[in-house]
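Trainee: Numbering (our numbering), first residue to last: 2 to 232. Yeah, the Cβ is synthetic: ideal placement off N, Cα and C, and Gly gets one too. None of the values given here were measured: they were computed from a predicted structure.
(1) Cα separation between residue 216 and residue 176?
(2) Which two residues bound the contiguous beta strand (DSSP E) that contains residue 46?
(3) Counting only runs of 4+ residues fully inside the region 9-74, write out the alpha helix (DSSP H) ranges in chain order.
(4) Checking the sheet assignment: what are the DSSP bridge partners for residue 130?
(5) Rounded to whole angstroms, what is the Cα-Cα separation between residue 102 and residue 213?
(6) Is the distance from the Cβ of residue 24 to the Cβ of residue 49 below 8 angstroms?
(7) Would you mind giving the Cβ-Cβ distance between residue 68 and residue 22, rounded to the nearest angstrom? I have them listed as a contact below 8 angstroms.
(8) Can you tell me the Cα-Cα spacing of residue 165 and residue 180, whole angstroms?
(9) Taking just the CA atoms, how far does residue 104 sit from residue 75?
(10) Would the region 187-196 count as touching the region 222-231 if we require 3 or more Cβ pairs under 8 angstroms?
(11) Between which two residues does the alpha helix (DSSP H) harbouring residue 206 extend?
(12) What's the C-alpha gap between residue 127 and residue 94?
(13) Could you pull the DSSP bridge partners for residue 103 from this structure?
(14) Does DSSP put residue 187 in a helix, in a strand, or in coil?
(15) From 36, 87 and 13, pick the residue whose C-alpha is nearest to that of residue 186; which is it?
(16) Would a C-beta distance cut-off of 8 angstroms place residue 168 and residue 196 closer than the cut-off?
See the structure below:
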């Protein structure tokens, strides 16, 4: 369909190589973002996302990477129960491979799905925003959420919008906070994705060292802040 063609063209221009299976009997999923001066909303047609599962991944190809990031987990229900097996298989094929996850928003508002915590137990870097972290951990503050979620994922980073980000390692009691620089916000859409990519880029470049966490957070916060300064 036309959305598939647009996605393929944009991916090609950006230098992305697509490996996922194309499902010819279902339409491409589309998410429309409605932006405002204070907040934004999302209208999603799930389409092929409803059918996406582990069988559509080339695990041999993925395992050749140093790191694999998964996003939008709440939008791909066919993938939920098979996800732990996917992570285990990837790490069996490549023991040094690390995995990060950003679930994104749970439109069902259930948050604490019984399948989710076993997944977090296998994740190296978990990257929710503050609303997502509070919902998944069933806590009232970000610090409480970090303490709960770091019992599972090895590193939990919670983005805080214009307040920056907080992080906690599973083997440490310390919570690291890096504030965001003051910028003129034009459009907040994509700030979380920009933060994630910036963090993972510098974290991987530094050999995934725990001692470099603050430096990586500062880089990521600047990346997220820059993303909101233009459309």
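Mentor: The structure says:
(1) Straight-line Cα distance between these residues: approximately 14 angstroms.
(2) Element bounds for residue 46: 41-46.
(3) Within the region 9-74, the complete alpha helix (DSSP H) runs of at least 4 residues fall at 60-63.
(4) BP columns for residue 130 point to 160.
(5) Roughly 20 angstroms separates the two Cα atoms.
(6) In this structure, residue 49 lies closer than 8 angstroms to residue 24 by Cβ.
(7) Not a contact, Cβ separation roughly 22 angstroms.
(8) A straight line joining the alpha-carbon of residue 165 with that of residue 180 spans about 4 angstroms.
(9) In a straight line, the C-alpha of residue 75 is about 6 angstroms away from that of residue 104.
(10) Yes, since at least three Cβ pairs between the region 187-196 and the region 222-231 fall closer than 8 angstroms, the two stretches touch.
(11) Per DSSP, residue 206 belongs to the alpha helix (DSSP H) from 192-206.
(12) So the two alpha carbons sit approximately 22 angstroms from each other.
(13) Residue 103 is bridged by DSSP to 72.
(14) Three-state DSSP puts residue 187 in coil, outside helix and strand.
(15) The candidate whose alpha carbon is nearest that of residue 186 is 36.
(16) No; because the gap between Cβ atoms is not below 8 angstroms, this pair is not in contact.
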